[in-house]
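Asker: Numbering (our numbering), first residue to last: 614 to 918. What follows is a single structure, and I will ask about it in a moment.
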Ligand SMILES: [Zn+2]
């Protein structure tokens, strides 16, 4: 245990929003969460850190040059755009560069403050050579690679609790012994093909909070003890929620809070810096998605503050 703790850092930029028209992905959640955590009194709006966009050099530590060129010059094929499941625009690419910059900033702030949260990102379905499932750039991987490149860290672990398996994360780090990947998700859900993480827990549809939390409590502490990462990337999807439109794990708001508490606590008691990203969240009611992500920030402030 450390002595005096510093309160978590929060990173956000208005430019995380990109106009994608009527879509199941709620772009409005980004600013909504910012407003909600300020409304709850967790921190002042002026204390929220505005990131710089990730540079092309930083992005290319994860993504292939050909894919980055296609994004920058609007040359995705119609098949690639269909796989992405988002309408391509320059604004969308700019938003993803900012989100990646936000995760880089959060990762670096986590080293200083113990916990940091990017109110965006968690785009764990992005692969080195293509984007899919609403994910253009893999922000958390870009952040990990950046801190490795500067030698601020050597080993990292990704703890992915989104309802969908972290296929992009698994693919990016598959031959990399310095980054350990863990995903707990609904087995019978997107992505159809799940490249193996170091540990995958694929739960049955309808599993519920008790099963989910037991599996998480069984795995996360022992992974951290075994791997001793210098940094944890927490991909804190809101979509295991019982009223989510794209997930059927059926966790309550309280289960999700317990989940976030478990992960933050496991990191903090071991003095392992952790940065969180939002990932998915498609509740029927946008207020639930915003509230679940805000609850995650609140748990971070309770444990880290
Ligand atoms: Zn998801």
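Built from N, CA and C at the ideal position, the CB exists for glycine as well.
1) Mark residue 624 as exposed unless 16 or more other C-beta atoms lie within 10 angstroms of its C-beta, in which case mark it buried.
2) According to DSSP, is residue 731 helix, strand or coil?
3) Using the C-alpha atoms, what's the distance from residue 910 back to residue 658?
4) Rounded to whole angstroms, what's the CA-CA distance from residue 863 to residue 857? Just pull it up for me.
5) For residue 756, which of 744, 769 and 745 has the nearest alpha-carbon?
6) Identify whether residue 769 lies in helix, strand or coil by the three-state DSSP scheme.
7) Whose C-beta lies closer than 6 Å to the C-beta of residue 759 among residues of the same chain, with five residues either side of it excluded?
8) Looking only at its own chain, which residues have a Cβ that is under 7 Å from the Cβ of residue 626, when we skip the five neighbours before and after it?
9) Is DSSP giving residue 904 helix, strand or coil here?
10) Put residue 797 into one of helix, strand or coil per three-state DSSP.
11) Relative to ligand 1, is the shortest distance from any of its heavy atoms to the C-beta of residue 756 smaller than 7 Å?
12) Under 8 Å, do residue 675 and residue 798 count as touching if we go by C-beta distance?
13) What are the start and end residues of each continuous alpha helix (DSSP H) run of 4 or more residues lying completely inside the stretch 778 to 831, in chain order?
14) Rounding to the nearest angstrom, what Cα-Cα distance links residue 661 and residue 696 in this structure?
15) According to DSSP, residue 745 sits in a beta bridge with which residue or residues?
16) With a threshold of 8 Å on Cβ separation, who are the neighbours of residue 875 within its own chain once the five nearest residues in sequence on each side are excluded?
17) Could you give the first and the last residue of the continuous alpha helix (DSSP H) run that contains residue 723?
18) Mind pulling the beta strand (DSSP E) runs of 3 or more residues that sit fully within the stretch 619 to 656?
19) Is the beta carbon of residue 877 less than 8 Å from the beta carbon of residue 917?
20) Under 7 Å: does the beta carbon of residue 893 sit that close to some heavy atom of ligand 1?
21) To the nearest angstrom, how far is the alpha carbon of residue 745 from that of residue 868?
22) Among all the DSSP beta bridges, which residues are the ones paired with residue 736?
23) Alpha carbon to alpha carbon, what distance is there between residue 673 and residue 921?
24) Looking at residue 852 and residue 749, is the spacing between their C-beta atoms short of 8 Å?
Answerer: Here's the rundown:
1) Buried is the label assigned to residue 624, since at least 16 other Cβ atoms lie within 10 Å of its Cβ.
2) Strand, per DSSP.
3) Between residue 658 and residue 910, the alpha-carbon positions lie close to 14 Å from each other.
4) Just so you know, the alpha carbons of residue 863 and residue 857 end up roughly 8 Å apart.
5) The shortest C-alpha separation from residue 756 is found at 769.
6) In the structure shown, residue 769 falls within a strand segment according to DSSP collapsed to helix, strand and coil.
7) Cβ within range, chain order: 671 and 717.
8) Cβ neighbours of residue 626 beyond the five flanking positions: 663, 664, 711 and 715.
9) Residue 904 carries a helical assignment under DSSP once its states are collapsed to helix, strand and coil.
10) In the three-state scheme derived from DSSP, where H, G and I count as helix and E and B as strand, residue 797 is classed as strand.
11) If you check the C-beta of residue 756 against ligand 1, you find no heavy atom less than 7 Å away.
12) It is not a contact, given that the beta carbons lie outside the stated cut-off.
13) The DSSP assignment places complete alpha helix (DSSP H) segments of no fewer than 4 residues inside the stretch 778 to 831 at 780 to 785, in order along the chain.
14) Note on geometry: alpha-carbon atoms of residue 661 and residue 696 lie some 33 Å from one another.
15) As computed with DSSP, residue 745 is found in a beta bridge with 748.
16) Taken in chain order, the residues that qualify are 826, 829, 830 and 833.
17) Residues 703 to 726.
18) Entirely contained in the stretch 619 to 656, the beta strand (DSSP E) runs reaching 3 residues are, in chain order, 622 to 624.
19) The answer is yes: Cβ separation under 8 Å.
20) A heavy atom of ligand 1 is found nearer than 7 Å to the CB of residue 893.
21) Their backbone Cα atoms lie some 28 Å apart in a straight line.
22) None; residue 736 has no bridge partner.
23) Outside the displayed range of the chain (614 to 918) lies residue 921, so it cannot be described from this structure.
24) Not closer than 8 Å, so no.
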